[in-house]
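Heads up: the sequence shown begins at 101 in my numbering, then just goes up one per residue. Single-structure report; data block below.
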Amino acid sequence: MFGRGFIFAVFQIYYPESTLVYAKMTAPARIFISKRDTIRWKISLDVSGLCTKVEYRESVITDEGRIISDSVICVLKGERVFKIYAEIVDYNSGKVLRNLKTGNLKNPKDMFVSSLIYDYVENGVKLKLRVFSERERDVKVKFGIKNQWEAWKYFDEIKAHIGGETLVEYLIPKKYLAFGEVRFWANIDGVIRETEVLFNEFNIENDRDFDVLLSVLDFVYGKKTDILKGKKGEERLRAWEEFWETVGGQKAKEEFLDRLYVGMQLYPSNMRNKISDRALVYTKFGPPDEIVSEPFRLEGKPYEVWYYHRLGLRFVFVDFDGTGDYRLVPEGYLDILR
Numbered sequence: 101m102f103g104r105g106f107i108f109a110v111f112q113i114y115y116p117e118s119t120l121v122y123a124k125m126t127a128p129a130r131i132f133i134s135k136r137d138t139i140r141w142k143i144s145l146d147v148s149g150l151c152t153k154v155e156y157r158e159s160v161i162t163d164e165g166r167i168i169s170d171s172v173i174c175v176l177k178g179e180r181v182f183k184i185y186a187e188i189v190d191y192n193s194g195k196v197l198r199n200l201k202t203g204n205l206k207n208p209k210d211m212f213v214s215s216l217i218y219d220y221v222e223n224g225v226k227l228k229l230r231v232f233s234e235r236e237r238d239v240k241v242k243f244g245i246k247n248q249w250e251a252w253k254y255f256d257e258i259k260a261h262i263g264g265e266t267l268v269e270y271l272i273p274k275k276y277l278a279f280g281e282v283r284f285w286a287n288i289d290g291v292i293r294e295t296e297v298l299f300n301e302f303n304i305e306n307d308r309d310f311d312v313l314l315s316v317l318d319f320v321y322g323k324k325t326d327i328l329k330g331k332k333g334e335e336r337l338r339a340w341e342e343f344w345e346t347v348g349g350q351k352a353k354e355e356f357l358d359r360l361y362v363g364m365q366l367y368p369s370n371m372r373n374k375i376s377d378r379a380l381v382y383t384k385f386g387p388p389d390e391i392v393s394e395p396f397r398l399e400g401k402p403y404e405v406w407y408y409h410r411l412g413l414r415f416v417f418v419d420f421d422g423t424g425d426y427r428l429v430p431e432g433y434l435d436i437l438r
């Protein structure tokens with residue numbers, strides 16, 4: 101499993117006579133709307149008033165996937181200095197999901213280097229730099245990555261021959277990609293480029309991601325998850341598929357992941373390596389039938405009570421430190437709160 105997160109980025113590519121500017125968006129459908137067949141959004145791009153594009157898009161969710169990818173493009177003739185504004189808006193709610201502001205990239209006089217561009221491939225993410233050089237020469241190129249679990253990792257330096265328009269590519273293996281913010285870095289003869297992406301889904305090939313995901317599976321499925329423990333590499337991938345076959349197949353996996361990611365979006369945790377208690381309960385049982393919330397109390401801690409009337413269940417969550425991190429407590433604690 102390797103899911104694409106919400107990514108909205110602006111790229112600039114320099115050519116001899118023009119500059120291509122485009123805003124690229126990739127996102128799970130659930131970011132826009134949940135439990136509907138059709139979604140609609142607006143993606144816009146404005147480059148210093150020189151070029152403006154606003155486009156409304158519509159997509160129907162199918163069984164083949166729930167990933168949406170789109171872009172808008174502006175072409176500028178002979179411009180080197182400009183500012184860019186781009187945004188993506190959920191048409192249904194009017195909410196701005198993300199916006200970006202940026203200026204022109206700094207380049208040496210004899211070499212124009214594009215933004216750091218990414219593409220998803222089966223075994224990771226391919227980073228790309230488009231370089232235009234007025235003369236042919238060899239350059240040194242180095243790439244790096246930082247995810248939320250680890251410090252910067254820099255890969256071995258490579259050499260590239262550039263002249264005219266040249267595309268420099270590098271594959272970042274999937275195992276280095278993880279849930280949350282991921283930064284990519286490139287250095288081409290001292291010219292630095294960085295880009296940031298946000299992965300909204302866990303990557304089971306990353307050990308730390310897998311450990312967090314396994315903690316949720318333990319809460320939902322108990323001892324059935326033993327088949328997944330202690331597994332690495334190809335053995336882990338096989339065990340992952342075998343596990344879902346034992347608990348309901350592809351449909352069960354999709355329902356679990358949908359509830360998990362919606363739960364995490366609705367009830368985020370203050371700790372990056374932990375799923376909040378409310379998100380755990382949401383993942384196991386789905387949305388509650390009724391929520392009684394007491395967020396503002398003159399005396400006592402804020403709390404919530406979730407009722408699942410159809411299941412005869414009740415869950416009590418308390419915000420002990422006033423940070424919005426509601427923790428699951430025994431039902432009897434409700435008598436103390438009241």
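Positions of the beta carbon are idealized from the N, C-alpha and C atoms, including for glycine.
DSSP-derived helix/strand/coil call for M125: Three-state DSSP puts M125 in a strand.
Grouping DSSP H, G and I as helix and E and B as strand, with all else coil, what is F343? In the structure shown, the three-state DSSP call for F343 is helix.
Selection from T423, P387, F396, R397 that minimises the alpha carbon distance to W406: Across the set T423, P387, F396, R397, the C-alpha of P387 shows the shortest separation from the C-alpha of W406.
Quickly, what does DSSP pair I288 with across the bridge? List them, please. Note: I288 is bridge-paired with V241, V291 in the DSSP secondary-structure output.
How far does the alpha helix (DSSP H) with R308 in it reach, from first residue to last? Segment 307-321, the alpha helix (DSSP H) holding R308.
Using C-beta distances below 6 Å, list every residue in its chain close to F310, excluding the 5 sequence neighbours before and after it, in chain order. Around F310: I304.
Which of helix, strand or coil does DSSP assign to L200? Here L200 sits in strand by DSSP.
In three-state terms, what does DSSP make of D389? Note: D389 maps to coil in three-state DSSP.
Which listed residue (S214, G400, K275) has its alpha carbon closest to that of F92: This structure gives no information on residue 92, because the portion of the chain shown stretches from 101 to 438.
Name the residue from A278, W285, I262 whose alpha carbon lies nearest to the alpha carbon of D256. It is W285.
Express the C-alpha separation of V418 and E335 in angstroms, rounding to a whole number. V418 has its alpha-carbon roughly 40 Å from the corresponding atom of E335.
Measure the C-alpha to C-alpha separation of D435 and V312 and round it to an integer number of angstroms. Within the model, the alpha-carbon separation for D435 versus V312 is close to 33 Å.
L120 - partner residues in DSSP beta bridges: Partner(s): I113, V175.
Going by the beta-carbon positions, is the gap between L267 and R237 smaller than 8 Å? The beta carbons of L267 and R237 sit no closer together than 8 Å.
Closer than 7 Å by C-beta to K274: which residues in its own chain qualify, once you throw out the five before and the five after it? Chain order, please. Cβ neighbours of K274 beyond the five flanking positions: F102, N223, G224, N303, E305.
From N204, L271, F212, V241, residue whose alpha carbon lies closest to that of V221: For the residues N204, L271, F212, V241, the minimum Cα distance to V221 belongs to L271.
For D419, three-class secondary structure by DSSP: Correct three-state label for D419: coil.
To the nearest angstrom, how far is it from the Cα of V381 to the Cα of K323? V381 and K323: Cα-Cα distance of roughly 17 Å.
Reference L360; option with closest CA among I375, N370, Q350, M371: Out of I375, N370, Q350, M371, the CA that lies nearest to the CA of L360 is found in I375.
Beta-carbon proximity list for M75, same chain, < 8 Å, skipping 5 on both sides: Nothing about residue 75 can be reported from this structure: the residues present for the chain run from 101 to 438 only.
Measure how close the beta-carbons of L277 and N247 come, nearest whole angstrom, since I'm counting them as under 8 Å. Cβ-Cβ separation between L277 and N247: approximately 7 Å, consistent with a contact (criterion under 8 Å).
E404 in three-state terms, based on DSSP: Reduced to three states, the DSSP call for E404 is strand.
Compare the C-alpha of W344 against each of S169, G333, F232, L328 and name the closest. Looking at the Cα atoms, L328 is the closest of the given residues.
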